[in-house]
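Under my numbering, read the sequence shown as residues 18 to 264, first letter to last. What follows is a short report on a single structure.
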Amino acid sequence: MKPSSLRTVTKAATSALSLAVAGTATLGAVALHSWSVVALGGVAYATLVAWDLVSGNDTKKKKDEITLRDPATRSAMQTLSTSRLQLDRVLQETSEDVKAHLALVLLSVDELEARATQLATRAEAIASYLLTTDVRIVEQGVRELEQRVRDTRDPEARAHYESAKKAREEHLATLVELTHVKERIFASLVTICATMDALPAKVVRMRALDSAAMDAMTGNLKDELSRMNDDMQSLEETLKSLTEVIV
C-alpha cells in the first residue's frame, strides 16, 4: 500500500465516530459478557471506515488531471466529471444513514472512475499516434508494392517486393486494429457515463425506502458496478500488449 493510501486508511480508521462505535461495542461486550456485541460493533466500525474512505470526511479530494486532446475522449471524461459532481451534490443532501448504506457502492464508483481515467489515457495515446500516420498513404503503399510484385520479372527483386508488401500489410492491419480499439474504449467510457448519470436519481430514490428495501437496492447497485469494473479490467488487460507498443 502506498504511503498516501495508508495515511488515508489510518485517518478513516481513527476518526472520532469510528472509534466511538468500536469503543461502545467493546464496553457493551464487557458489560453483557457477549462477544457477539464485539462482532456487531466490528461490522459497524468497518462500514464507517469504508464511508470515511470514500467521503474523505466530507472533504472532496482533488483528482489527478490528465490532458486530453482527442475530442471524443475529452467529451466523455467531461461528462463523467459532471455526473460525479451531481452525485456529490445529491450525497450532501442525503442522510448519514443512507450514505452509510452506500459506502461500499461508492468505493466501487471510485474504482470505476479510476479505470475510466486509465482507459482515457490509453485512448489519448492511440489517438495521438494515429494522427502521425495517414492510413491512406499506407494503403497506397500496399497497392504499389502489389503492382511491383506483378510486374517484375526478376525473382530476387520480386522476393524483396513481397517482403516489403507483407510489412506494409501488417502496418495497415495494426492501424485498423488501433482504430477499432479506440472506438471500443470510447464505447466503454460512454457506458460508464450512462451508469454514473443514473446514480444520483437512484440515491434520491433510496431516501424513500425502508431499511430492507435499501439493502436490496444497495446490493443491486454494487453488483452492477462490480460487473462493470470487471469488464473494464478485462478490456485493460486486452489493451496492454497493444498500446505498450506506442506509449
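For glycine and all other residues, C-beta sits at the position ideal for the given N, C-alpha and C.
Could you give the first and the last residue of the continuous alpha helix (DSSP H) run that contains leucine 189? 172-223
Here's a check: name, in chain order, each residue in its chain whose Cβ is nearer than 8 Å to the Cβ of arginine 185, leaving out the five neighbours to either side. Val155, Gly158, Val159 and Leu162
Could you pull out every residue in the same chain whose Cβ sits closer than 6 Å to the Cβ of histidine 177, ignoring the five residues on either side in sequence? none
Using C-beta distances below 8 Å, list every residue in its chain close to aspartate 171, excluding the 5 sequence neighbours before and after it, in chain order. none
For threonine 150, which of helix, strand or coil comes out of DSSP? coil
Cβ-Cβ separation, isoleucine 209 to leucine 129 (assumed contact under 8 Å), whole Å: 6 Å
How far does the alpha helix (DSSP H) with glutamate 110 in it extend, from its first residue to its last? Counting along the chain, glutamate 110 falls outside any alpha helix (DSSP H), and DSSP gives it neither H nor E.
Contacting residues, own chain, Cβ-Cβ under 6 Å from arginine 165 (five flanking each side not counted): Tyr178
Given a cut-off of 8 Å on the beta-carbon distance, is the pair alanine 133 and leucine 206 in contact? yes
State buried or exposed for valine 193, treating a residue as buried only when at least 16 other CB atoms are found within 10 Å of its CB. exposed
With distances taken from CA atoms, which of Thr99, Val221 and Thr169 is nearest threonine 111? Val221
CB-CB under 6 Å to valine 126, same chain, minus the five flanking residues each way: which ones, in chain order? none
Rounded C-alpha distance that separates leucine 85 from aspartate 105: 24 Å
Please name the residue, chosen from Met223, Met245, Ser251 and Thr90, that lies closest to alanine 144 on a Cα-to-Cα basis. Thr90
Other residues of its chain near aspartate 248: CB distance less than 8 Å, five sequence neighbours each side excluded: Ser205
Classification of aspartate 114 by the beta-carbon crowding that lies within 10 angstroms, buried from 16 upward: exposed
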